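Number of protein chains: 2
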Amino acid sequence: MFFNSKNIEAIQLKSLLRITRAISHVRDLNSLITLLASETSKVLDVERSTVFLHSSKTDELWSYVAEGESEEIRFSASHGIAGSVFRSEKTLVLNDVSKDQRFNKAIDKTTGFITRNMITAPIINPSRVCIGVFQVINKKDDNFTTKDVHFLEIVSSETAVTIENVRLLESRERMFEDLIKALTVSIEARDPLTAGHSFDVTFLSGKIADYMNIDCDIKEAIYYAALLHDYGKIAVPDSILKKPGTLSEDETAILRKHVHHTKIILSSIEFEGKLEQVPLFASQHHERIDGKGYPDGLKGDEISIGGKIIAVADVFEALTAKRHYREPYSLKKTLNLLIDGIGTQFDRKAVLALRDYFIDIGKLSAEEVPVD
Amino acid sequence: MFFNSKNIEAIQLKSLLRITRAISHVRDLNSLITLLASETSKVLDVERSTVFLHSSKTDELWSYVAEGESEEIRFSASHGIAGSVFRSEKTLVLNDVSKDQRFNKAIDKTTGFITRNMITAPIINPSRVCIGVFQVINKKDDNFTTKDVHFLEIVSSETAVTIENVRLLESRERMFEDLIKALTVSIEARDPLTAGHSFDVTFLSGKIADYMNIDCDIKEAIYYAALLHDYGKIAVPDSILKKPGTLSEDETAILRKHVHHTKIILSSIEFEGKLEQVPLFASQHHERIDGKGYPDGLKGDEISIGGKIIAVADVFEALTAKRHYREPYSLKKTLNLLIDGIGTQFDRKAVLALRDYFIDIGKLSAEEVPVD
Chain A
27 MFFNSKNIEA IQLKSLLRIT RAISHVRDLN SLITLLASET SKVLDVERST VFLHSSKTDE
87 LWSYVAEGES EEIRFSASHG IAGSVFRSEK TLVLNDVSKD QRFNKAIDKT TGFITRNMIT
147 APIINPSRVC IGVFQVINKK DDNFTTKDVH FLEIVSSETA VTIENVRLLE SRERMFEDLI
207 KALTVSIEAR DPLTAGHSFD VTFLSGKIAD YMNIDCDIKE AIYYAALLHD YGKIAVPDSI
267 LKKPGTLSED ETAILRKHVH HTKIILSSIE FEGKLEQVPL FASQHHERID GKGYPDGLKG
327 DEISIGGKII AVADVFEALT AKRHYREPYS LKKTLNLLID GIGTQFDRKA VLALRDYFID
387 IGKLSAEEVP VD
Chain B
27 MFFNSKNIEA IQLKSLLRIT RAISHVRDLN SLITLLASET SKVLDVERST VFLHSSKTDE
87 LWSYVAEGES EEIRFSASHG IAGSVFRSEK TLVLNDVSKD QRFNKAIDKT TGFITRNMIT
147 APIINPSRVC IGVFQVINKK DDNFTTKDVH FLEIVSSETA VTIENVRLLE SRERMFEDLI
207 KALTVSIEAR DPLTAGHSFD VTFLSGKIAD YMNIDCDIKE AIYYAALLHD YGKIAVPDSI
267 LKKPGTLSED ETAILRKHVH HTKIILSSIE FEGKLEQVPL FASQHHERID GKGYPDGLKG
327 DEISIGGKII AVADVFEALT AKRHYREPYS LKKTLNLLID GIGTQFDRKA VLALRDYFID
387 IGKLSAEEVP VD
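Here the protein sequences come in this chain order: A and B.
Each residue of the first sequence is one higher than the one before, counting from 27 in this note's numbering.
Each residue of the second sequence is one higher than the one before, counting from 27 in this note's numbering.
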């Protein structure tokens, strides 16, 4: 027994190391909790682990991860062992569940699984709120020990931290995205005729990026850059922005300055990590492959991938939308114009990606938009 | 020895539980790492633990937490045991440092501490970049064991995850704040005469909140609400916003709608947690205690604390700033006007807080701004 328990402890330390390392390398919450569950089952030598989270809306516990079950398990948070631990916030060890009145036989009946013994530990978040329970079921060949309880409590504490960190980060990311969308809406609210333009450009840029197999992180930067590409228009006076007729040379120069403003404004934001290139992408959407664009007259691959993609989406959206001075172009006419502009105004791959997208969704046939 | 090692392991599991729980309840990075270091010293029975982080700018290792040292330790990342582990990214156990050529005696000379033995483990972040090393020094009465190494590697992995999570969250928070500042600047850029207004209102709101002992989380919401309080002006046409003369009744009505726009725009952002009240605070800065304000004509405590504070800061800033139609008011005149408005236009506590602030920084005496 001493040897045995000693070995278990050695295994447990090693497992904790493996778990902690894994946590530090996985970002997706579901994979993380699945990993925590499977490692825990291995270390504690149990048949399965289940992580139940609490839904405050319905006051139910539901299986976020349930080893061996493909269907979600869901029940009232005032029922069963899990409900009892959830409410008391105290770990419960049962070496024979059949002797405990709280045991909810209905779940075994539904799943066909037979529960013999279990430890159920509360998952308590940093604000000291219980957010669920971690359950290990059916220790093989033995009873649960105090050390098993300690181990499960460590893992359940890790689970709480992990969930909280992911939730906090997601909440901040959501707020960041909301804020950018809100300011995009508010900029466009100045001119009802162009309202929705940036959102359409964002959608199309995403499709082009998909068809070009752009890396996920770069796609996220393109997403924000597309939403923000016209933000600099905030510095363009109403008299020019909303002018129904043709702009004078001076007025055009002022309007074109919006790209410069976009760059200046966005550069004041310390976009970090995968979003680092947002200001660059956003401020290059009027550059042209032949170097005749603005503001910097960049050529070919001097233009960033984001700049090339947003340029195509931007012109496409502008041509197919109604403007103060003309009716919208047809899809066929617009795509053919973009194809004509390949190598002069536009990047070849970006135009072909957009063409492929519209062919794939059945909006037109390849013959209608021929490419050399 | 068996008993001993068994006990150590039992202690280690319990300690890990304590550490993991502590991590889940502390948000401040320095406290967290300090806690990790002191717990590790206790469990491994060593004289001190040190966490060195790498500065990529200077390619140095510096002591983020150094038990027993009040001064920062800093040296080139290519020197000493720490530098060697940092570069190799492999844990190194030395039961007699004097036998290792890499050992940097200079640090002991500076600190007066005598290093006998140590384990140094790399701290590797989720992107698999080594960001520092975790060092435990001078095991009391014994040599280091493999289990000690496992334990230190777990702790150093925890350290990596913790640092990464805090950094990621801080990076998102910084970007969020930058974005809000950038849009505040860009809104105000439309009218040079009011540029800086929102930042001044934000600064003053912060001072008022300080003097009212407002809770830290509420203060953060007030901070963002103050930055954003005039964001709705984006929907007000240039012709009204920049009009030098008096506004007509209709124009005034349109200008006043900016509060409504602020509310609508901000409500589309899912402000969460401590920032939940940002839209509410921002859209109540023209309410009055006597119910004669707008947009909702709220009275007394129907107005949120944020609304009351920003209202005072907003009027103060407007009166002390130059406008199209008049010169700035003096500090004394402005504060006396605010004091006159207590109970009708303004909240008493908010006005007195602002008054106390200016008296404290010596801008005027209590006699110059008497209160009944």
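From the three backbone atoms N, C-alpha and C, an ideal C-beta is built for every residue, glycine too.
From a predicted model like this one, the values you see are computed outputs, not experimental measurements.
Worksheet item: By Cβ distance below 7 Å, which residues in the same chain neighbour residue 250 (chain B) in space, the five residues on each side in sequence not counted?
Response: In the second sequence, the residue the question calls residue 250 (chain B) occupies position 224. Cβ within range, chain order: 206, 301, 304.
Discussion item. My assumption, with CB atoms under 8 Å, is that residue 252 (chain A) sits in contact with residue 224 (chain A). Please give the rounded CB distance.
Written reply: Here residue 252 (chain A) refers to the residue found at position 226 when the first sequence is read from its first residue. Here residue 224 (chain A) refers to the residue found at position 198 when the first sequence is read from its first residue. That belief holds up - the Cβ atoms of residue 252 (chain A) and residue 224 (chain A) are roughly 7 Å apart, short of 8 Å.
Worksheet entry | Sequence ranges, alpha helix (DSSP H) only - wholly within the stretch 213-265 of chain A, length at least 4 | 223-237, 242-254
Fill in: Residue range of the unbroken alpha helix (DSSP H) whose run includes residue 392 (chain B)
Working through the second sequence from its first residue, we reach residue 392 (chain B) at position 366. Unbroken run through residue 392 (chain B): none, as it is neither H nor E.
Worksheet item: Should residue 82 (chain B) be labelled buried (16 or more other beta-carbon atoms within 10 Å of its own) or exposed?
Response: To locate residue 82 (chain B), count along the second sequence from 1; it is residue 56. When all chains shown are included, residue 82 (chain B) counts as exposed.
Practice prompt. Check whether the Cβ atoms of residue 365 (chain A) and residue 397 (chain A) lie closer than 7 Å to each other.
Written response: Sequence index remark: in the first sequence, residue 365 (chain A) carries index 339 (1-based). Sequence index remark: in the first sequence, residue 397 (chain A) carries index 371 (1-based). In this structure, residue 397 (chain A) lies closer than 7 Å to residue 365 (chain A) by Cβ.
Discussion item. Can you confirm whether the stretch 132-148 of chain A touches the stretch 170-180 of chain A when touching is taken to mean that 3 or more C-beta pairs between the two stretches lie within less than 8 Å?
Written reply: yes
Item to complete: Counting only runs of 4+ residues fully inside the stretch 113-160 of chain A, write out the alpha helix (DSSP H) ranges in chain order.
Response: If we require 4 residues or more, the alpha helix (DSSP H) runs fully inside the stretch 113-160 of chain A come out as 131-137.
Practice prompt. Name, please, each residue of chain B whose Cβ falls closer than 9 Å to the Cβ of residue 148 (chain A).
Written response: Position 122 of the first sequence holds residue 148 (chain A). In chain order: nothing, as chain B lies at least about 12 Å away.
Worksheet entry | Residue from A:188, A:357, A:276 with nearest C-alpha to residue 388 (chain A) | Residue 388 (chain A) sits at position 362 when you count from the first residue of the first sequence. The residue with the shortest Cα to Cα distance from residue 388 (chain A) is A:357.
Discussion item. Here's the rule I'm using: 16 or more other beta-carbon atoms within 10 Å means buried, otherwise exposed. How should residue 380 (chain B) be labelled?
Written reply: Numbered from 1 along the second sequence, position 354 holds the residue referred to as residue 380 (chain B). By the 10 Å Cβ count, residue 380 (chain B) comes out buried.
Discussion item. So, under 8 Å CB-CB, residue 288 (chain B) and residue 309 (chain B) are touching, yes? Tell me the CB distance rounded to an integer number of Å.
Written reply: For the purposes of this step, residue 288 (chain B) is identified with residue 262 of the second sequence, where counting begins at 1. For the purposes of this step, residue 309 (chain B) is identified with residue 283 of the second sequence, where counting begins at 1. Sure, about 5 Å apart at Cβ, within 8 Å.
Worksheet item: Under 7 Å between C-beta atoms, does residue 307 (chain A) make it to chain B?
Response: For the purposes of this step, residue 307 (chain A) is taken as the residue at position 281 of the first sequence. Under the Cβ distance rule, residue 307 (chain A) does not count among the residues neighbouring chain B, no pair being separated by less than 7 Å.
Worksheet item: Comparing alpha-carbon positions, which option in B:137, B:117, B:104 lies nearest residue 128 (chain B)?
Response: Position 102 of the second sequence holds residue 128 (chain B). Residue B:104 is the option with its Cα nearest to residue 128 (chain B).
Practice prompt. Measure from the alpha carbon of residue 211 (chain B) to the alpha carbon of each residue in B:260, B:153, B:79, then state which is nearest.
Written response: Walking along the second sequence from the start, residue 211 (chain B) turns up at place 185. Nearest of B:260, B:153, B:79 to residue 211 (chain B), Cα basis: B:260.
Worksheet item: Pick from B:262, B:375, B:192, B:61: whose alpha carbon is nearest that of residue 237 (chain B)?
Response: Residue mapping note: residue 237 (chain B) aligns to position 211 of the second sequence, counting from 1. The shortest C-alpha separation from residue 237 (chain B) is found at B:375.
Worksheet entry | Interface residues of the stretch 199-212 of chain B facing chain A [CB-CB below 8 Å] | 199, 200, 201, 202, 204, 205, 206, 207, 208, 209, 211, 212
Item to complete: For my contact list, residue 335 (chain B) and residue 183 (chain B) are in at a C-beta cut-off of 8 Å; report their separation, rounded to the angstrom.
Response: In the second sequence, counting from the first residue as 1, residue 335 (chain B) sits at position 309. In the second sequence, counting from the first residue as 1, residue 183 (chain B) sits at position 157. For a cut-off of 8 Å, the C-beta gap from residue 335 (chain B) to residue 183 (chain B) is around 44 Å, too long to register as a contact.
Fill in: Per-residue DSSP class, three states only, for residue 164 (chain A)
Sequence index remark: in the first sequence, residue 164 (chain A) carries index 138 (1-based). Residue 164 (chain A) falls in the strand class under three-state DSSP.
Worksheet entry | Per-residue burial, residue 91 (chain A) [other beta carbons within 10 Å of its own, 16 or more giving buried] | Mapped onto the first sequence, residue 91 (chain A) falls at position 65. So residue 91 (chain A) ends up on the buried side.
Worksheet entry | Short-range partners of chain A found in the stretch 290-319 of chain B, where Cβ spacing is below 8 Å | 291, 292, 294, 295, 296, 297, 298, 299, 301
Practice prompt. Please go through the same chain and pick out, in chain order, the residues whose beta-carbon is closer than 7 Å to the beta-carbon of residue 109 (chain B), but skip the five residues on each side of it.
Written response: Along the second sequence, read from residue 1 onward, the residue named residue 109 (chain B) stands at position 83. Closer than 7 Å at the Cβ level, and outside the excluded window around residue 109 (chain B), lie 87, 102, 103.
Item to complete: Find the nearest neighbour of residue 229 (chain B) within the set B:342, B:214, B:314, B:99, judged by alpha-carbon distance.
Response: The count along the second sequence starts at 1 and reaches residue 229 (chain B) at position 203. Checking every option, the nearest Cα to that of residue 229 (chain B) belongs to B:342.
Worksheet item: Does DSSP classify residue 416 (chain A) as helix, strand or coil?
Response: For residue 416 (chain A) there is no data in the structure shown, the boundaries of chain A being 27 and 398.
Worksheet item: Cβ atoms of residue 285 (chain B) and residue 321 (chain B): under 7 Å apart, would you say?
Response: As a first step, residue 321 (chain B) must be located in the second sequence, where it is residue number 295. As a first step, residue 285 (chain B) must be located in the second sequence, where it is residue number 259. Yes, the Cβ-Cβ distance between residue 321 (chain B) and residue 285 (chain B) is below 7 Å.
Worksheet entry | Residues near residue 34 (chain A) in its chain [Cβ-Cβ closer than 6 Å; skip 5 each side] | Counting from 1 along the first sequence, the entry for residue 34 (chain A) is found at position 8. At residue 34 (chain A), the pLDDT of 46 sits below 50, so the modelled position is not reliable; the number obtained from the coordinates is stated separately. Answer for residue 34 (chain A): no residue qualifies.
Discussion item. Strictly below 8 Å CB to CB, what residues from chain B border residue 263 (chain A)?
Written reply: Counted from its first residue, the first sequence places residue 263 (chain A) at position 237. Simply 264.
Worksheet item: From this set, B:61, B:295, B:163, which residue's C-alpha is nearest residue 72 (chain B)'s C-alpha?
Response: Counting from 1 along the second sequence, the entry for residue 72 (chain B) is found at position 46. Ranking B:61, B:295, B:163 by Cα distance to residue 72 (chain B) puts B:163 first.
Fill in: residue 66 (chain A) to residue 122 (chain A) span [Cα, whole Å]
Residue 66 (chain A) sits at position 40 when you count from the first residue of the first sequence. Residue 122 (chain A) sits at position 96 when you count from the first residue of the first sequence. Cα-Cα distance, rounded: 20 Å.
Worksheet entry | Identity of the residue in A:75, A:80, A:174, A:107 nearest residue 95 (chain A) by Cα | Position 69 of the first sequence, counting from 1, holds the residue named residue 95 (chain A). It is A:75.
Worksheet item: Hey, residue 196 (chain A) and residue 200 (chain B): beta-carbon distance below 7 Å or not?
Response: For the purposes of this step, residue 196 (chain A) is taken as the residue at position 170 of the first sequence. For the purposes of this step, residue 200 (chain B) is taken as the residue at position 174 of the second sequence. No. Outside cutoff.
Item to complete: With distances taken Cα to Cα, identify the nearest neighbour of residue 116 (chain B) among B:159, B:135, B:136.
Response: Position 90 of the second sequence, counted from the start, is the residue given in the question as residue 116 (chain B). Looking only at B:159, B:135, B:136, the smallest Cα-Cα distance to residue 116 (chain B) is reached by B:159.
Fill in: Burial state of residue 351 (chain A), where buried means 16 or more other Cβ atoms lie within 10 Å
On the first sequence, residue 351 (chain A) is found 325 positions in, with the first residue counted as 1. Exposed, because fewer than 16 other Cβ atoms sit within 10 Å of the Cβ of residue 351 (chain A).
Worksheet item: By a C-beta neighbour count over all protein chains shown, 10 Å radius and 16 as the cutoff for buried, is residue 124 (chain A) buried or exposed?
Response: By one-based count along the first sequence, residue 124 (chain A) stands at place 98. By the neighbour-count rule (16 or more Cβ atoms within 10 Å), residue 124 (chain A) is not buried but exposed.
Discussion item. Whole angstroms are fine: how far does the CA of residue 329 (chain A) sit from the CA of residue 383 (chain A)?
Written reply: Here the question's residue 383 (chain A) lines up with position 357 in the first sequence. Here the question's residue 329 (chain A) lines up with position 303 in the first sequence. Their Cα atoms are separated by approximately 23 Å.
Worksheet item: In whole angstroms, what separates the C-alpha of residue 32 (chain A) from that of residue 138 (chain B)?
Response: Position 6 of the first sequence, counted from the first residue, corresponds to residue 32 (chain A). Position 112 of the second sequence, counted from the first residue, corresponds to residue 138 (chain B). Per-residue confidence for residue 32 (chain A) stands at a pLDDT of 41, beneath the threshold of 50, marking its modelled position as unreliable; no derived number is given.
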